[in-house]
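Peer 1: Shown below is the structure under consideration.
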Amino acid sequence: MRPRTSTSWLALVWLVMSVLLGCGGVVVFHRQLAGAWFAFGVHPDVLALLEQSMEDQKLLAHDRPEEEQRFRQRFEATRETLNRLHILSHSRSAIIRRYELVLLGLFSGTVVLTGAGYVLHQRRSETRLRGLQRALTELSLGNPAISVGDRRRDTIGRIAGMIEQTSRVMGADRRRLAALRHLESWQEAARRQAHEMRTPLTAARIELRRLGELVAGSGASFEELATQLAARLDGLRDELAVLEGFVHRFSSFARLARPRPEPIDLGVFVTEIRDLYAEVWPMLDVVCRVETGPVVAMVDRDMLRQVLVNLLENSALAIGDRPGEVLIEVVPTPCEVRVDVADDGSGVDPAIRDRLFEPYVTTRPVGQGTGLGLAVSKKILLDHGGDLELIEDDRPGARFRLVLPRRDGRQDEEGACRVAER
Amino acid sequence: MRATLTLVLLSMSVAVAHAQPVVVVEPEQGRGILRLMPAILHDPAVARELRSGLTNTVVVKVSASPEHGAEVLGGARIEIRYEPWDEVYLTRSVGIDGELHEASLDSDDALQSWWSELELCVLPAGDLDGSSGWMLDVEATVLPFSSSEQHEAQVWFTRTVADAETERPGTAPVGGHARVLDVLVATSIRRPALMTYHWKAQVEEAEGATKDLD
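In order, the protein sequences belong to chains F and D.
For the first sequence, position 222 (counting from the first letter as 1) is numbered 236 according to our numbering, and the numbering increases by one without interruption.
For the second sequence, position 195 (counting from the first letter as 1) is numbered 243 according to our numbering, and the numbering increases by one without interruption.
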């Protein structure tokens, strides 16, 4: 942001003021000088004429003694004027020097005032610009109620007003979008829940209808009837089990237990996970990259396993039937342990990146996922004092980062880490 | 000490490069008496002002800085005004003793003669005790008009400028800025020195005799 326009205008105003002041000074001095010098007429010819006039008065008085008094008076008056002009002639250079000094002082004062005003304006502009910068920073952070407090009508003031207006508009839009997104989430959840429940219920209804037909009389023998009846009941139990599993997942999400952390060497842990689930996803080549030596963190073993399995399952689904690779990298830092899980699949749909960790958000078709996996994983990490993040970079595939606080006996460093994080 | 003193003024430095000054100071009755050289009146810068009608003033300052004791200061003033109606020079001289001498001189020769014989008491008697060997600073400044004439011209100037402003048709009355300028200009009217002469003089004690040196 460069307030060049405002600064230029002010500089122009100051320049005009300087010129006007200077011109005013020149006009005043010119009037004084012209009036003075023309009034005094200190030209040598004037002096010579006055001297000649005095001589003439004397001659007249000599020729006409009876009027000597009158000529003497005229002579004295002329002499007075001549004396004054002589004095002015002697002082002329001093008067000019004084004029020049006053003129110089006036111009110097004007220039100094102009410079001081310009510097003052620059400082004020800088202060106001810093205010704009802070406001823009807040705007970028999404503050919906920014108040710059600059009500002037110049460029900076207008920009401040625009920022405030923009923040209000953005705030209103954000609230509207949040409300819409909330409604959409619930609509999506309702749709999925309805689907998940409708499928087993439909199947159960069919089984019950067949059961009714069977009881009504099919002409079959008692053994055949008993066999068919057992088959129908098994089918009915299976569908009810599906429904129960669905309900169980939701209740698990609703009543997610608190973690019971214990010190775990994450290097060893991720290697065990890889070995344990190697047969579950045969197309996946899971590679563990772990630093030499133990990397200990305080985590709930079962919960962390649930998170990693969820991520590996997502990777397996994203890679599909082709062979793929998942890299699990354990990176310890002084304050935390990062576990990066990266695959070479199709990556995360940009349309849902912002809402990826919200419940019921999934790209899978209805009936193939509840959209709770990443939400549950995020909640687990947050309950550990860490976080689950989607790393966005130019590399193909999806990259998730599990952040776990490092609590391996370095209690003294914990406080410093928190300060550093702040 | 009432001794005959001869102050020998040695020409050390002169403000203008004209004729070599010859200044003799003769003591009379224990006073330091200064006689200025006639060449001053012949100086063109001075000579052309003698008939201006203004009061030409010669201010003489004498100072001595003895090795022991306080600084000794003295001086005198000479006024010469040409009266054009009567065509005479009116002169006045006053020394440090306060004694006023006036004269009316009807020609340039008379003026020269009066100047040559003019004796100025520049130092009081008491200050000359033990003054043998002192170095005196003598300064003579020639001014083209007197302080009263200067004041009168300042008043007339201010009044004339103010009258010129108010009488100008179509102009507003003179504001404060113009008054300030009038004061600035009026105070610029000061007596500039036509010439300033400087000499170094050494006080010499001579019993009962006067010695002319150059």
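Positions of the beta carbon are idealized from the N, C-alpha and C atoms, including for glycine.
CA-CA distance, D/G80 and D/V120?
Peer 2: Approximately 12 Å between the Cα atoms of the pair.
Peer 1: Taking Cβ positions only, does D/V94 come closer than 9 Å to chain F?
Peer 2: No, because no Cβ of chain F sits closer than 9 Å to the Cβ of D/V94.
Peer 1: Apart from the five residues on each side of it in sequence, which residues of its chain come closer than 6 Å, Cβ to Cβ, to D/K109?
Peer 2: Only G123, E187 meet the Cβ criterion.
Peer 1: In its own chain, which residues sit with a C-beta less than 7 Å from the C-beta of F/C302, not counting the 5 before and 5 after it?
Peer 2: The residues are V284, T285, R288, I342.
Peer 1: For the alpha helix (DSSP H) holding D/P92, just list the boundary residues, first then last.
Peer 2: Its alpha helix (DSSP H) spans residues 92 to 95.
Peer 1: So is F/E253 buried or exposed if we call it buried at 16+ other beta carbons inside 10 Å?
Peer 2: Looking at its Cβ environment, which holds 16 or more other Cβ atoms inside 10 Å, F/E253 is buried.
Peer 1: Is the number of C-beta pairs between the segment 135 to 142 of chain D and the segment 75 to 86 of chain F that are closer than 8 Å three or more?
Peer 2: Counting Cβ pairs under 8 Å, fewer than three are found: no touch.
Peer 1: What does DSSP give as the partner residue(s) for F/Y291 in the beta ladder?
Peer 2: Paired residues: none, contrary to the question.
Peer 1: Among F/E372, F/L404, F/I405, F/A240, whose alpha-carbon lies nearest the alpha-carbon of F/K393?
Peer 2: Measuring from the Cα of F/K393, the nearest candidate turns out to be F/E372.
Peer 1: Closest to F/I13 by CA distance: which of F/R111, F/I366, F/D299, F/S265 is it?
Peer 2: There is simply no residue 13 of chain F to check, as chain F begins at 15 and stops at 436 in what is shown.
Peer 1: What's the C-alpha gap between D/V71 and D/M85?
Peer 2: A caution first: D/V71 carries a pLDDT of 43, below 50, which makes its placement in the model unreliable, though a value can still be read off. Roughly 5 Å between the two C-alpha positions.
Peer 1: Going along chain D, which residues have a C-beta under 9 Å from F/F89?
Peer 2: Result: P132, W133.
Peer 1: With three or more beta-carbon pairs closer than 8 Å as the criterion, would you say the segment 92 to 103 of chain F touches the segment 189 to 201 of chain D?
Peer 2: At 8 Å Cβ cutoff, the stretches touch.
Peer 1: Let me see if you follow: with CB-CB separation under 9 Å, is D/S113 close to chain F or not?
Peer 2: Closer than 9 Å: no.
Peer 1: Check the DSSP bridge columns for F/I278 and list the partner residues they point to.
Peer 2: F/I278 pairs with F/A311.
Peer 1: Pull up the DSSP beta-bridge partners for D/I128, would you.
Peer 2: Paired residue(s): D/N104, D/T139.
Peer 1: Here's the rule I'm using: 16 or more other beta-carbon atoms within 10 Å means buried, otherwise exposed. How should F/V261 be labelled?
Peer 2: Looking at its Cβ environment, which holds fewer than 16 other Cβ atoms inside 10 Å, F/V261 is exposed.
Peer 1: Candidates F/Q201, F/T128, F/V304: which alpha carbon is nearest F/V345's?
Peer 2: Out of F/Q201, F/T128, F/V304, F/V304 has the C-alpha closest to the C-alpha of F/V345.
Peer 1: Can you list, in chain order, the residues of the segment 194 to 206 of chain D whose Cβ is nearer than 8 Å to any Cβ on chain C?
Peer 2: Given the protein chain composition of this structure (F and D), no chain C is represented.
Peer 1: Using a Cβ-Cβ distance under 9 Å, would F/I177 count as near chain D?
Peer 2: It does not: the Cβ of F/I177 has no partner Cβ on chain D nearer than 9 Å.
Peer 1: Checking contacts by CB at 9 Å: is F/W28 closer than that to chain D?
Peer 2: With 9 Å as the cut-off, F/W28 does not count as an interface residue toward chain D.
Peer 1: Between D/R129 and the rest of its own chain, which residues show a CB-CB distance below 6 Å, the 5 nearest in sequence each way excluded?
Peer 2: T103, L138, listed in sequence order.
Peer 1: Leaving out five residues on either side along the sequence, give the residues of the same chain with a beta carbon under 6 Å from the beta carbon of F/P275.
Peer 2: Result list for F/P275: M312, V313, D314, in chain order.
Peer 1: From what residue to what residue does the beta strand (DSSP E) around D/H149 run?
Peer 2: Per DSSP, D/H149 belongs to the beta strand (DSSP E) from 148 to 153.
Peer 1: Would the beta-carbon of F/V56 fall within 9 Å of that of F/S107?
Peer 2: Going by C-beta atoms, F/V56 is not nearer than 9 Å to F/S107.
Peer 1: Of all the options F/L34, F/R219, F/S235, F/L155, which has the alpha carbon lying nearest to the alpha carbon of F/R251?
Peer 2: Residue F/R219 is the option with its Cα nearest to F/R251.
Peer 1: Can you look up F/E65 in the DSSP assignment and give me helix, strand or coil?
Peer 2: Reduced to three states, the DSSP call for F/E65 is helix.
Peer 1: Straight-line CA distance for F/D335 to F/A217?
Peer 2: C-alpha separation (whole angstroms): 30 Å.
Peer 1: Closest Cβ-Cβ distance between D/V106 and chain F: below 9 Å?
Peer 2: Judged by the 9 Å Cβ criterion, D/V106 is not in contact with chain F.
Peer 1: By how many angstroms is the C-alpha of F/L63 removed from the C-alpha of F/F52?
Peer 2: Low confidence applies here, because F/F52 scores a pLDDT of 49, under 50, leaving its location unreliable and the question unanswered by this model.
Peer 1: I want to verify the contact list: residues of chain F whose CB lies under 8 Å from the CB of D/L102, in sequence order.
Peer 2: Those within 8 Å of D/L102 in chain F are N97, H100, I101.
Peer 1: Suppose contacts are defined by Cβ-Cβ distances below 9 Å. Is F/S1 in contact with F/A208 by that definition?
Peer 2: The shown model of chain F, from 15 to 436, leaves out residue 1 of chain F, and the question about it has no answer.
Peer 1: Mapping DSSP to helix, strand and coil, what is D/V72?
Peer 2: Low confidence applies here, because D/V72 scores a pLDDT of 47, under 50, leaving its location unreliable; read the following figure in that light. Here D/V72 sits in strand by DSSP.
Peer 1: Less than 9 Å separating the beta-carbons of F/N324 and F/S391?
Peer 2: Yes, the pair counts as a contact, with Cβ atoms nearer than the cut-off.
Peer 1: Leaving out five residues on either side along the sequence, give the residues of the same chain with a beta carbon under 7 Å from the beta carbon of F/L280.
Peer 2: Answer for F/L280: V309, A311, V344, V351, V353, listed in chain order.
Peer 1: Only counting runs of 4 or more residues, tell me where the alpha helix (DSSP H) segments fall wholly within the segment 299 to 354 of chain F, in order along the chain.
Peer 2: Entirely contained in the segment 299 to 354 of chain F, the alpha helix (DSSP H) runs reaching 4 residues are, in chain order, 315 to 333.
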